[in-house]
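Visitor: Per UniProt numbering, the sequence shown starts with residue 1, numbered consecutively.
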Amino acid sequence: MMSEAPLSCEALLKQAADVIGGDTPRLDAELMLSDVTGWSRTSFRAWPEREVNVAEVARFCTLVEQRCEGRPVAYLLGEQEFWSLPLKVSPCTLIPRPDTECLVEAALALELPENAKVLDLGTGTGAIALALASERPGWQVSASDAVTEAVELATENATRLGLPVTVRQSNWFADLPAGCFDLIVSNPPYIAGKDHHLSEGDVRFEPASALVAGNDGLDDIRRITTEAPAWLSPGGWLMLEHGYEQGAAVHRLFTQAGFASVETRQDYGRRDRYTLGRKHHAE
């Protein structure tokens, strides 16, 4: 039980970290206290004795209680940073993960035209599309999602950040206007329906539609790899995130769909995380 009397920053953070548990209790506590007080995380280290008033302590304790129930910090604060961009998040979308930044790095390393047409399928918060647009102002970046709330959220994030990303509602390619892209990138659902991880940690609170893709977790990846060639320019690239145990299976799906230069790459933890392939140039 945490005290709701006035306390120093350091005392509050230590109490919170002790009860939160998990992989990043101190970080979680700092993010929540920063949101409540408006003070930066660095200020907690610079002035650890700084006192937090009773009202702020009470609000902080409420957040800590909700975090102890397993609710993700990003949902509690309504925001998650991705590629140094502050993105608004809500329970209607997946919370952007640091490992997905690997896709952004890989996309930026591709030799694409200065005015490349890029599509982020199943954009959620708009994370990948907005990160790419922030780095390549000349690219024509668009994004899509099947969920109305996600389209609205990604559009709001684009507006808040002043980034020219067009967001459309579409179930994968079904409702997109005709056109070809130099790069299609996606972090689609890829968890198997009976995977025990669905009942653990933060994912318990995230939308199943953004996580689950059939019995083996590959239903959406199968669809995307099959349909993507019709939407890619000759020499265009497809890049998909997937689970760390799915690398070989996804590599086969790319090859079966006729992609060249297929390669499965690893994330920051050295686990298979995404696969990319290139549509053959026109003969």
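In this text, a Cβ means the ideal position worked out from N, Cα and C, and glycines have one as well.
Which complete alpha helix (DSSP H) runs does the stretch 94-176 hold, if anything under 4 residues is left out?
Guide: Those alpha helix (DSSP H) runs which fall completely within the stretch 94-176 and span 4+ residues are 101-109, 127-135, 148-161.
Visitor: Run through DSSP, which three-state label would F205 get?
Guide: For this step, residue 205 is matched to residue 205 along the sequence shown. In the structure shown, F205 sits in a helix (DSSP, three-state: H, G or I).
Visitor: From V104 to E263, what does the alpha carbon distance come to, in whole angstroms?
Guide: The residue you call residue 104 lines up with position 104 of the sequence shown. The residue you call residue 263 lines up with position 263 of the sequence shown. Their backbone Cα atoms lie some 16 Å apart in a straight line.
Visitor: Going by other Cβ atoms of all chains shown within 10 Å of its Cβ, with 16 needed for buried, is I20 buried or exposed?
Guide: Along the sequence shown, one-based indexing puts residue 20 at 20. Taking a 10 Å sphere around the C-beta of I20, we find 16 or more other C-beta atoms and assign the residue as buried.
Visitor: What are the boundary residues of the alpha helix (DSSP H) that includes F44?
Guide: Taking the sequence shown and counting its residues from 1, one reaches residue 44 at position 44. Residues 41-46.
Visitor: Compare the beta carbon distance of G122 and N187 with 8 Å and say whether it is the shorter of the two.
Guide: As a first step, residue 122 must be located in the sequence shown, where it is residue number 122. As a first step, residue 187 must be located in the sequence shown, where it is residue number 187. Yes, the pair counts as a contact, with Cβ atoms nearer than the cut-off.
Visitor: Roughly how many angstroms lie between the CA atoms of E283 and P229, to the nearest whole one?
Guide: Taking the first residue of the sequence shown as position 1, residue 283 is located at position 283. Taking the first residue of the sequence shown as position 1, residue 229 is located at position 229. In this prediction, E283 has a pLDDT of 41, which is less than 50 and means its spatial position is unreliable; what the coordinates show is noted afterwards. Rounded to the nearest angstrom, the two C-alpha atoms are 15 Å apart.
Visitor: When the Cα atoms are used, what is the spatial distance from K88 to H281?
Guide: In the sequence shown, counting from the first residue as 1, residue 88 sits at position 88. In the sequence shown, counting from the first residue as 1, residue 281 sits at position 281. Roughly 39 Å between the two C-alpha positions.
Visitor: CB-CB under 7 Å to E114, same chain, minus the five flanking residues each way: which ones, in chain order?
Guide: For the purposes of this step, residue 114 is taken as residue 114 along the sequence shown, with counting starting at 1. Excluding residues within five positions, the ones whose Cβ falls inside 7 Å are G138.
Visitor: Considering only the alpha carbon of each residue, which of V203, L163, G258 lies closest to A74?
Guide: Your numbering for residue 74 matches position 74 in the sequence shown. Per the Cα distances, V203.
Visitor: Using DSSP with H/G/I as helix, E/B as strand and the rest coil, what is P13?
Guide: Your numbering for residue 13 matches position 13 in the sequence shown. Correcting the residue type first, residue 13 is Leu in the shown sequence and not Pro. Reduced to three states, the DSSP call for L13 is helix.
Visitor: Taking one C-beta from the stretch 26-37 and one from the stretch 157-174 each time, how about it: are there three or more such pairs within less than 8 Å?
Guide: The stretch 26-37, when compared against the stretch 157-174, does not touch it at the 8 Å Cβ threshold.
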